[in-house]
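**Q** I have a structure I would like to understand better, so I am pasting it below and will then ask my questions one at a time.
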Amino acid sequence: MAQQGDEERTEEPTEKRRREFREEGKVAQSKEVNTALLLSTALLLWFWYAPNFVEGLERFLAGFWDQAGYWNVTPQAVVGWLGKGLIHLGLLLSPILILSIVVGFLSSYIQFGWLFSPKALQPDIKKLDPIQGAAKFVSKRSAMELLKSLAKVAVVGSVAYWTLSDHFEQAIQLIGQPIERIFVFIGWTAAEILLKCCIALLFIAVIDFAYTKWEMEEQMKMTKKELQDEHKETEGDPQLKQRMRSIQRDMARKRMMAEVPQADVVITNPTHYAVALRYDRSSMEAPEVTAKGSNIVAQRIREIAEESGVPLVENPPVARVLHGLELGETVPESMYKAVAEILAYVYSLKGKTA
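According to this note's numbering, the sequence shown is numbered sequentially starting from 304.
And the structure:
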């Protein structure tokens, strides 16, 4: 079933999905990139720093042996000597250690930028599940990690073998030579092996980083249902939104119908359109539309107007123009004359009935 779920992940991840993965600390990070950069940096720094390291170590040992005749061999003295030796060795190695730490941070930053994920630090009880642990052990990712480990062993072994084979004749010629020359040969041969291994590991790191990026993209892909659920969560359920809009329209229509009894006149088409106008000379520059509608809504406006005693005036051209206005909008100047004639007629009717 899990495999089937993976096969259904055909949709590209959304920005929200990518953000959630990043917040959980799930980013594309290749351990091979970290290893290759750290090893390469340490090796290059060692070539540059080795003379200073050897010189500092020689000074420490010389001072140590110069004081040998004054030693007071006690447990406390031995502990003190060992402590001083470790501190001195740490100081000598500190440039390499500090730069290696910096390179480690830079390696992570290059791959996925700055990231601090508290969620990734939280304990996960699921990781203690032996069944999930066994499944993870035989997973595709574990198989890939095993394949990479075997590839690294094969590369390092091949590099070491071919390098030693190239220098085999030189090694034979060192028989009977001074020990210093033998150590120099061993040092340079080891450095050559390490340098070639670094180049090979950098090549592996590039391939692994590309694979890791692809794998993370595959993990972030979504099923159609997940994509629909996310759209519902971020943009709202379409059915719910439609119902809310329907409710809002009903409420707006009720408020509009409540304005009809206060209108001065309702102008009709006569059956298709109905527009209610209200005009207060003391507060309005021109009559405004308080209600409007077509077909069934127009019929309801006419019914309320008749029940409330609001005059109905049939004028199709004016009704069509006024129906295009928004609620609360005043009559345009182009319609002043026509509307004024209608209102004058209405006021004359009210004067007769008054």
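Think of the CB as a built atom: it goes at the ideal place given N, C-alpha and C, for glycine as much as any other residue.
Keep in mind it's a predicted model, so treat the numbers as computed, not measured.
1) Can you name the start and end residues of the beta strand (DSSP E) that Gly328 belongs to?
2) Count the other CB atoms within 10 Å of the CB of Leu652; is the residue buried (16 or more) or exposed (fewer)?
3) Check this for me: beta carbons of Thr633 and Glu606, under 8 angstroms apart or not?
4) Could you tell me whether the region 601 to 619 touches the region 558 to 565, where touching means 3 or more Cβ pairs closer than 8 angstroms?
5) Between Ile399 and Tyr352, how many whole angstroms is the CB-CB distance? I'm expecting something under 8 angstroms.
6) DSSP state of Leu652, grouped into three classes?
7) Could you check what DSSP says for Met559 in three-state terms: helix, strand or coil?
8) Could you tell me which whole alpha helix (DSSP H) segments of length 4 or greater appear in the region 380 to 408?
9) For Ser397 and Ala494, what's the separation of their Cα atoms in angstroms?
10) Would you kindly work out how many angstroms separate the C-alpha atoms of Ser549 and Gln602, rounded to a whole number?
11) Is the distance from the Cβ of Ile604 to the Cβ of Ala589 below 8 angstroms?
12) Is there contact here, the region 327 to 346 with the region 493 to 511, by at least three beta-carbon pairs under 8 angstroms?
13) Kindly indicate which residue of Lys557, Asp469, Phe488 and Glu617 has the alpha-carbon position closest to the one of Leu477.
14) With distances taken between CB atoms, is the gap from Leu395 to Phe356 smaller than 8 angstroms?
15) The beta strand (DSSP E) spanning Tyr576 covers which residue range?
16) For Asp583 and Arg546, I'd like the C-alpha separation in whole angstroms.
17) Please classify Val382 as buried or exposed, where buried requires at least 16 neighbouring CB atoms within 10 angstroms.
18) By how many angstroms is the C-alpha of Phe471 removed from the C-alpha of Trp417?
19) Give me the Cα-Cα distance between Val458 and Ile404, rounded to the nearest whole angstrom.
20) Along the chain, where does the beta strand (DSSP E) that runs through Ser597 open and close?
21) Is Thr515 helix, strand or coil when you go by DSSP?
22) Rounded C-beta distance between Thr571 and Ala622? I'm assuming under 8 angstroms.
23) Near Gly631, which residues of its chain fall below 8 angstroms by C-beta distance, leaving aside the five closest residues on each side in sequence?
24) Can you find a CB in chain C that lies within less than 8 angstroms of the CB of Pro316?
25) Would you report the Cα separation of Leu497 and Leu346, rounded to the nearest angstrom?
26) Looking at the secondary structure, which residues open and close the alpha helix (DSSP H) in which Leu453 lies?
27) Going by DSSP, name the residue or residues bridged to Thr633.
28) If you run the structure through DSSP and keep just helix, strand and coil, what is Val613?
29) In terms of alpha-carbon separation, which member of Gly407, Asn618, Lys499 and Ile475 lies closest to Val569?
30) Grab me the residues of Leu505's own chain with a C-beta within less than 6 angstroms of its C-beta, minus the 5 sequence neighbours each way, in chain order.
31) Please classify Glu335: does DSSP put it in a helix, a strand, or coil?
32) So what does Ala525 bridge to, in DSSP terms?
33) Less than 8 angstroms between the beta carbons of Glu314 and Met525, yes or no?
34) Just to confirm, is the Cβ distance from Met523 to Arg362 under 8 angstroms?
35) Rounded to a whole number of angstroms, what is the C-alpha to C-alpha distance between Glu311 and Lys527?
36) Would you give the residue range spanned by the beta strand (DSSP E) that Ile570 belongs to?
**A** If we stick to the structure as given:
1) Counting from one through the sequence shown, the residue named residue 328 turns up at place 25. Here Gly328 belongs to no beta strand (DSSP E), and DSSP marks it neither H nor E.
2) In the sequence shown, counting from the first residue as 1, residue 652 sits at position 349. Classification for Leu652: exposed.
3) Within the sequence shown, residue 633 is the residue found at index 330, counting from 1. Within the sequence shown, residue 606 is the residue found at index 303, counting from 1. In this structure, Glu606 does not lie closer than 8 angstroms to Thr633 by Cβ.
4) yes
5) The count along the sequence shown starts at 1 and reaches residue 399 at position 96. The count along the sequence shown starts at 1 and reaches residue 352 at position 49. Right, the Cβ-Cβ distance comes to about 7 angstroms (below 8 angstroms), so this counts as a contact.
6) Taking the sequence shown and counting its residues from 1, the one referred to as residue 652 is at position 349. The answer is helix: DSSP assigns Leu652 an H, G or I state.
7) Mapped onto the sequence shown, residue 559 falls at position 256. Helix, per DSSP.
8) none
9) Working through the sequence shown from its first residue, we reach residue 397 at position 94. Working through the sequence shown from its first residue, we reach residue 494 at position 191. Straight-line Cα distance between these residues: approximately 21 angstroms.
10) Taking the sequence shown and counting its residues from 1, the one referred to as residue 549 is at position 246. Taking the sequence shown and counting its residues from 1, the one referred to as residue 602 is at position 299. Taking the straight line joining both Cα atoms gives about 20 angstroms.
11) Your numbering for residue 604 matches position 301 in the sequence shown. Your numbering for residue 589 matches position 286 in the sequence shown. For Ile604 and Ala589, no; Cβs fall outside 8 angstroms.
12) yes
13) The count along the sequence shown starts at 1 and reaches residue 477 at position 174. Among Lys557, Asp469, Phe488 and Glu617, the Cα nearest to that of Leu477 belongs to Phe488.
14) On the sequence shown, residue 395 is found 92 positions in, with the first residue counted as 1. On the sequence shown, residue 356 is found 53 positions in, with the first residue counted as 1. For Leu395 and Phe356, yes; Cβs fall inside 8 angstroms.
15) Stepping through the sequence shown from its first residue, residue 576 is reached at position 273. That run of the beta strand (DSSP E) goes Tyr576 to Arg581.
16) Locating residue 583 in the sequence shown gives position 280, where the first residue counts as 1. Locating residue 546 in the sequence shown gives position 243, where the first residue counts as 1. So the alpha carbons of these two residues sit roughly 37 angstroms apart.
17) Here residue 382 refers to the residue found at position 79 when the sequence shown is read from its first residue. So Val382 ends up on the exposed side.
18) Here residue 417 is taken as the residue at index 114 of the sequence shown, counted from 1. Here residue 471 is taken as the residue at index 168 of the sequence shown, counted from 1. So the alpha carbons of these two residues sit roughly 48 angstroms apart.
19) For this step, residue 458 is matched to residue 155 along the sequence shown. For this step, residue 404 is matched to residue 101 along the sequence shown. If I take the Cα positions, the gap works out to 26 angstroms.
20) Looking up residue 597 in the sequence shown gives position 294. Counting along the chain, the beta strand (DSSP E) containing Ser597 begins and ends at Glu591 to Ser597.
21) Start at 1 with the first residue of the sequence shown, and residue 515 comes out as number 212. Thr515: helix per DSSP, three-state reduction.
22) The residue given as residue 571 occupies position 268 in the sequence shown. The residue given as residue 622 occupies position 319 in the sequence shown. That belief holds up - the Cβ atoms of Thr571 and Ala622 are roughly 6 angstroms apart, short of 8 angstroms.
23) As a working mapping, residue 631 is identified with position 328 in the sequence shown. Here the set comprises Glu591, Val592 and Thr593.
24) Here chain C cannot be found, since the structure has a single protein chain.
25) The residue you call residue 497 lines up with position 194 of the sequence shown. The residue you call residue 346 lines up with position 43 of the sequence shown. The straight-line gap from Cα to Cα measures roughly 8 angstroms.
26) Reading the sequence shown from its first residue, position 150 is the one you call residue 453. That run of the alpha helix (DSSP H) goes Lys443 to Asp469.
27) Position 330 of the sequence shown, counting from 1, holds the residue named residue 633. Its beta-bridge partners are Glu591.
28) Indexing the sequence shown from 1 puts residue 613 at position 310. Val613 falls in the coil class under three-state DSSP.
29) Position 266 of the sequence shown holds residue 569. The option with the nearest alpha carbon to Val569 is Asn618.
30) Taking the first residue of the sequence shown as 1, we reach residue 505 at position 202. If we look at Leu505 and ignore the five residues flanking it on each side, its Cβ neighbours are Ala339.
31) Along the sequence shown, one-based indexing puts residue 335 at 32. It is helical.
32) As a first step, residue 525 must be located in the sequence shown, where it is residue number 222. Note that residue 525 corresponds to Met in the displayed sequence, not to Ala. Per DSSP, Glu314.
33) Locating residue 314 in the sequence shown gives position 11, where the first residue counts as 1. Locating residue 525 in the sequence shown gives position 222, where the first residue counts as 1. Against a cut-off of 8 angstroms, the Cβ pair of Met525 and Glu314 comes out as a contact.
34) Residue mapping note: residue 523 aligns to position 220 of the sequence shown, counting from 1. Residue mapping note: residue 362 aligns to position 59 of the sequence shown, counting from 1. No. Outside cutoff.
35) For the purposes of this step, residue 311 is taken as residue 8 along the sequence shown, with counting starting at 1. For the purposes of this step, residue 527 is taken as residue 224 along the sequence shown, with counting starting at 1. Taking the straight line joining both Cα atoms gives about 8 angstroms.
36) On the sequence shown, position 267 is the one that residue 570 refers to. Val568 to Thr571 is the span of the beta strand (DSSP E), which, as asked, contains Ile570.
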